[in-house]
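Undergrad: Structure in structure tokens, see below.
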DNA sequence: GAGGGGTTTGGGAGCGCTCCCAAATGGTGG
DNA sequence: CCACCATTTGGGAGCGCTCCCAAACCCCTC
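Residue numbers (the numbering used here), protein chains in the order written: chain A, 1392 to 1727; chain B, 1392 to 1727.
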């Protein structure tokens, strides 16, 4: 504000100062061949002296690539993004993107207006690629990304479709392990609090539970449905207890609901893990803080982000990566 | 992938189809005056028929504005972003930005490399403005934003400096209210678990506590220092109890530490709120889930985001907004 | 019917970069 | 010493848009 609004120097000015042509300067900038060592040095000096920084937008226009990718959170309301899950995905992704010198745009694409903006962003080639998460069944965003010709990597699979490129977490396997763990602890009347059935995560974790039960020769208990929130977990656990009073273990499809279950069990006078063992899923902070600390299935959230980014960078570079399912790991604590 | 790689139509093509000049088409696009109604209609029809979308990058180059702003999280490690706080700021900000038709870039500017990239982004005019958060004392990022000529809005104030434009939360007032609430509950031996003193938030909340004590004619108890984490809260509470066994209330500078305090108190056999009342700060999920649910100071996180965005949009438009301190609100639950 | 005001209109010159291509340069072999 | 090939070099034409400006146009008024 104090100084004159001095313009940023342009490549022409660099070239002039170095006594070479703009083309030569451009070659040095992109360290392309066909520049004599002396000229190269001269240009480098000029760049340093003028404190030159290439104008990204101009470069983007000329090369037809933007140097940025978008992370799109579909969901039904922008507030879905408040889930700490996404923040950790971003931490993972941004490290990889930084390596590839790509910037990250964040689009909370809930609602018509933001979807229209996303559509424009894609059509106008505002980004070189997209990472897409929290897509629901028949989400209108699916049409948008189908029409675009920039590469799209999904995080998780939307229910009812198998995108060409995705990174997902082994929800089925994780849920199966969690249930098997309960069985291995000597429990046999294992119930489950499942997630909303219109989410792929909800479905997959429920399936893992059923698989484990059937494999063990037990009859799956009808699931009580939660909404991935703690209060939802309280309500579901209460209902489950009423329906199956003899329950000796519960697999909850995420930690929030497991924490709710803990609270409901305490309210009902059942000891954990004495009377009822509880396993959650996610291994968020709440699992460690819960009382008793929750045994849970840790999913590699940050790795999900970094792998998505890696895959996208590969696609942009013209490679043909293959989709990925990341393993989960059971973390045993005192709730079992 | 199935279709030919048909190029997006350009404005020239629109103009040609509408039988007008490129200039006229451009005017219609930006609905500028000096276009006859018929031509306007013709252009609009051509746009619709060709499914034309203006090329953002070209426009950016011509107008010298990018149509995007950056949210920069300074911090010392990228993982600071995993704090759910930022996610809610983003939810607030992105709604306002969407209204202003600005895109959001996210920069986790910890470490030299990412700071260099940020510097380039600013110098190369990759964004029209910046929202800046989690800046530490003497953070190198301060120099970067001082040198840039795009507007910068701070979220919170970095310790030791008063930025020209900021949105902050009334941490002092909130902490004072929290402490006064404890006093109003009939407590008098009120201790505090404070945050790291090199954060503005830590300092401000500690100050609010001291103000309330002094105003009430009481001697502030020397604070026990935590690090804003739950385990940190456990340790601090244990230390505090040892030092001040007669304590009957604690103000913790955030909910995580308050939850830790709860756990430590339970471990020490003190009833909450019977023996010791506890107040936290933030009103995150954990406050509601804690046992007993925490009385806490709610800060308007989403509003922080939206107000930052609003201020930035104003600055970009050439206005001269004034900085803002958002009020907090005490939420009474069962820990007091 | 010529002169004057205002409003359209379209050509052209950018914005700052990349990249193609033709010309210049330099080193080699016959 | 010249022809010939491989490099290096710089001019110029984009990329797709905005915006200035001069020319064209329209409608009055005198």
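All residues carry an ideal CB built from backbone N, CA and C; glycine is no exception.
If you drop the 5 nearest sequence neighbours on each side, which residues of the same chain put their C-beta closer than 8 Å to that of residue 1688 of chain A?
TA: If you number the first chain from 1, residue 1688 of chain A lands on position 297. If you ignore the 5 residues before and after residue 1688 of chain A, its C-beta comes within less than 8 Å of the C-beta of 1565, 1566, 1568, 1569, 1670, 1671, 1672, 1673, 1674, 1719, 1720, 1721 and 1722, all in its own chain and listed in chain order.
Undergrad: From residue 1647 of chain B to residue 1619 of chain A, what does the alpha carbon distance come to, in whole angstroms?
TA: Numbered from 1 along the second chain, position 256 holds the residue referred to as residue 1647 of chain B. Numbered from 1 along the first chain, position 228 holds the residue referred to as residue 1619 of chain A. Near 21 Å, if we compare the C-alpha coordinates of residue 1619 of chain A and residue 1647 of chain B.
Undergrad: Using a cut-off of 7 Å between C-beta atoms, extract the partners of residue 1469 of chain A located in chain B.
TA: Counting from 1 along the first chain, the entry for residue 1469 of chain A is found at position 78. Correct list: 1482, 1485 and 1486.
Undergrad: Once the 5 residues before and after residue 1642 of chain B are set aside, which same chain residues still bring their CB inside 6 Å of it?
TA: Here residue 1642 of chain B refers to the residue found at position 251 when the second chain is read from its first residue. Taken in chain order, the residues that qualify are 1569, 1570, 1583, 1600 and 1670.
Undergrad: Compute the Euclidean distance between the alpha carbons of residue 1466 of chain B and residue 1530 of chain B, then round it to the nearest angstrom.
TA: Position 75 of the second chain, counted from the first residue, corresponds to residue 1466 of chain B. Position 139 of the second chain, counted from the first residue, corresponds to residue 1530 of chain B. Cα-Cα distance, rounded: 8 Å.
Undergrad: Using the beta-carbon count (16 or more within 10 Å), is residue 1454 of chain A buried or exposed?
TA: Sequence index remark: in the first chain, residue 1454 of chain A carries index 63 (1-based). By the neighbour-count rule (16 or more Cβ atoms within 10 Å), residue 1454 of chain A is not buried but exposed.
Undergrad: Quick check: residue 1561 of chain A and residue 1547 of chain A, are their CB atoms within less than 8 Å of each other?
TA: Here the question's residue 1561 of chain A lines up with position 170 in the first chain. Here the question's residue 1547 of chain A lines up with position 156 in the first chain. No, the Cβ-Cβ distance between residue 1561 of chain A and residue 1547 of chain A is not below 8 Å.
Undergrad: In chain order, what residues of the region 1440–1453 of chain B put their CB closer than 7 Å to some CB of chain A?
TA: 1444, 1445, 1446, 1447, 1448, 1449, 1451 and 1452
Undergrad: Measuring straight from C-alpha to C-alpha, what distance separates residue 1499 of chain A and residue 1505 of chain A?
TA: Here residue 1499 of chain A is taken as the residue at index 108 of the first chain, counted from 1. Here residue 1505 of chain A is taken as the residue at index 114 of the first chain, counted from 1. In a straight line, the C-alpha of residue 1499 of chain A is about 7 Å away from that of residue 1505 of chain A.
Undergrad: Quick check: what's the CA-CA separation for residue 1708 of chain A versus residue 1458 of chain A?
TA: Translated into positions along the first chain, residue 1708 of chain A becomes position 317. Translated into positions along the first chain, residue 1458 of chain A becomes position 67. A direct Cα-Cα distance of roughly 12 Å separates residue 1708 of chain A from residue 1458 of chain A.
Undergrad: So, is residue 1645 of chain B buried or exposed, given that buried needs 16 or more other C-beta atoms within 10 angstroms?
TA: Walking along the second chain from the start, residue 1645 of chain B turns up at place 254. Per the 10 Å Cβ criterion, buried.
Undergrad: In the DSSP assignment, find the unbroken beta strand (DSSP E) run with residue 1640 of chain B in it and report its ends.
TA: Reading the second chain from its first residue, position 249 is the one you call residue 1640 of chain B. Residue 1640 of chain B -> beta strand (DSSP E) spans 1640–1643.
Undergrad: Give the residues of chain B in contact with residue 1517 of chain A, contact being defined as C-beta atoms less than 8 Å apart.
TA: In the first chain, the residue the question calls residue 1517 of chain A occupies position 126. Within 8 Å Cβ-Cβ: 1447, 1448 and 1494.
Undergrad: What separation, rounded to the nearest whole angstrom, lies between the Cα atoms of residue 1608 of chain A and residue 1545 of chain A?
TA: The residue labelled residue 1608 of chain A in the question sits at position 217 within the first chain. The residue labelled residue 1545 of chain A in the question sits at position 154 within the first chain. C-alpha separation (whole angstroms): 36 Å.
Undergrad: Considering just the uninterrupted stretch of the beta strand (DSSP E) at residue 1720 of chain A, what are its terminal residues?
TA: To locate residue 1720 of chain A, count along the first chain from 1; it is residue 329. Looking at the DSSP string, the run of the beta strand (DSSP E) that includes residue 1720 of chain A is 1720–1722.
Undergrad: Please return the same chain residues whose Cβ sits closer than 7 Å to the Cβ of residue 1573 of chain B, not counting the five positions on each side in sequence.
TA: Sequence index remark: in the second chain, residue 1573 of chain B carries index 182 (1-based). The beta carbon of residue 1573 of chain B sits closer than 7 Å to the beta carbons of 1581, 1640, 1642, 1668, 1670 and 1727 from its chain, once the five residues preceding and following it are set aside; these are given in chain order.
Undergrad: Which full runs of the beta strand (DSSP E) of 3+ residues lie inside the region 1427–1458 of chain B, going along the chain?
TA: none
Undergrad: DSSP beta-bridge partners for residue 1600 of chain A?
TA: Counting from 1 along the first chain, the entry for residue 1600 of chain A is found at position 209. Its beta-bridge partners do not exist; DSSP assigns none.
Undergrad: Measure the beta-carbon distance from residue 1434 of chain A to residue 1415 of chain A and round it to whole angstroms, keeping in mind my assumption that it falls under 8 Å.
TA: Here residue 1434 of chain A refers to the residue found at position 43 of the first chain. Here residue 1415 of chain A refers to the residue found at position 24 of the first chain. About 7 Å separates the two Cβ atoms, so the contact holds.
Undergrad: If you compare alpha carbons, which of A:1696, A:1717, A:1704 and A:1703 is closest to residue 1481 of chain A?
TA: To locate residue 1481 of chain A, count along the first chain from 1; it is residue 90. Out of A:1696, A:1717, A:1704 and A:1703, A:1696 has the C-alpha closest to the C-alpha of residue 1481 of chain A.
Undergrad: So, is residue 1680 of chain B buried or exposed, given that buried needs 16 or more other C-beta atoms within 10 angstroms?
TA: On the second chain, residue 1680 of chain B is found 289 positions in, with the first residue counted as 1. Counting Cβ neighbours within 10 Å, residue 1680 of chain B comes out buried, since at least 16 surround it.
Undergrad: Below 9 Å on C-beta distance, what does residue 1635 of chain B contact in chain A?
TA: Here the question's residue 1635 of chain B lines up with position 244 in the second chain. In chain order: nothing, as chain A lies at least about 25 Å away.
Undergrad: Leaving aside the five residues before and after residue 1401 of chain A along the sequence, list all residues of the same chain whose C-beta is less than 6 Å from its C-beta, in chain order.
TA: By 1-based counting over the first chain, the position of residue 1401 of chain A is 10. Closer than 6 Å at the Cβ level, and outside the excluded window around residue 1401 of chain A, lies no residue.
Undergrad: Using 8 Å as the limit for Cβ to Cβ distance, is residue 1729 of chain B near chain A?
TA: The requested residue 1729 of chain B is not part of the displayed model; chain B covers only 1392 to 1727.
Undergrad: Can you pull the chain B residues whose beta carbon is under 9 Å from the beta carbon of residue 1677 of chain A, in chain order?
TA: Position 286 of the first chain, counted from the first residue, corresponds to residue 1677 of chain A. Residues of chain B whose Cβ lies closer than 9 Å to the Cβ of residue 1677 of chain A are, in chain order, 1676, 1677 and 1680.
Undergrad: Alpha carbon to alpha carbon, how far is residue 1554 of chain B from residue 1593 of chain B? Give it in angstroms, no decimals.
TA: For this step, residue 1593 of chain B is matched to residue 202 along the second chain. For this step, residue 1554 of chain B is matched to residue 163 along the second chain. One C-alpha to the other measures close to 18 Å.
Undergrad: Determine the DSSP secondary structure at residue 1653 of chain B, reduced to helix, strand or coil.
TA: For this step, residue 1653 of chain B is matched to residue 262 along the second chain. It is helical.
Undergrad: Anything in chain B within Cβ reach of residue 1472 of chain A, meaning under 9 Å, just list it in chain order.
TA: On the first chain, residue 1472 of chain A is found 81 positions in, with the first residue counted as 1. Near residue 1472 of chain A (Cβ distances below 9 Å), the residues of chain B are 1478, 1479, 1481, 1482 and 1485.
Undergrad: Residue 1446 of chain B: which of B:1699, B:1404, B:1514 and B:1539 sits nearest, CA to CA?
TA: Your numbering for residue 1446 of chain B matches position 55 in the second chain. Closest by alpha carbon: B:1404.
Undergrad: Does the Cβ of residue 1605 of chain B have 16 or more other Cβ atoms within 10 Å, making it buried, or fewer, making it exposed?
TA: Translated into the one-based positions of the second chain, residue 1605 of chain B becomes position 214. A residue is called buried when at least 16 other Cβ atoms come within 10 angstroms of its Cβ; residue 1605 of chain B does not meet this threshold and is exposed.
Undergrad: I'd like the list of long-range same chain contacts for residue 1413 of chain B, defined as Cβ closer than 8 Å, with 5 residues on each side in sequence excluded.
TA: Here residue 1413 of chain B is taken as the residue at index 22 of the second chain, counted from 1. Excluding residues within five positions, the ones whose Cβ falls inside 8 Å are 1402, 1403 and 1406.
Undergrad: Which residues of chain A have a Cβ atom closer than 9 Å to the Cβ of residue 1621 of chain B, listed in chain order?
TA: The residue given as residue 1621 of chain B occupies position 230 in the second chain. Result: 1676, 1679 and 1680.
Undergrad: Between which residues of its own chain and residue 1395 of chain B is the CB-CB distance below 7 Å, once the five residues before and five after are set aside?
TA: Sequence index remark: in the second chain, residue 1395 of chain B carries index 4 (1-based). With a pLDDT of only 44 at residue 1395 of chain B, under the threshold of 50, the placement of this residue in the model should not be trusted, and no figure is reported.
Undergrad: Once the 5 residues before and after residue 1664 of chain A are set aside, which same chain residues still bring their CB inside 6 Å of it?
TA: Taking the first residue of the first chain as position 1, residue 1664 of chain A is located at position 273. Excluding positions up to five away in sequence, the list reads 1726 and 1727.
Undergrad: Taking just the CA atoms, how far does residue 1532 of chain B sit from residue 1710 of chain A?
TA: Taking the first residue of the first chain as 1, we reach residue 1710 of chain A at position 319. Taking the first residue of the second chain as 1, we reach residue 1532 of chain B at position 141. Looking at the two C-alpha atoms, the distance is approximately 36 Å.
Undergrad: Which residues does DSSP pair with residue 1584 of chain A in a beta bridge?
TA: Translated into the one-based positions of the first chain, residue 1584 of chain A becomes position 193. Residue 1584 of chain A is bridged to A:1615 and A:1643.
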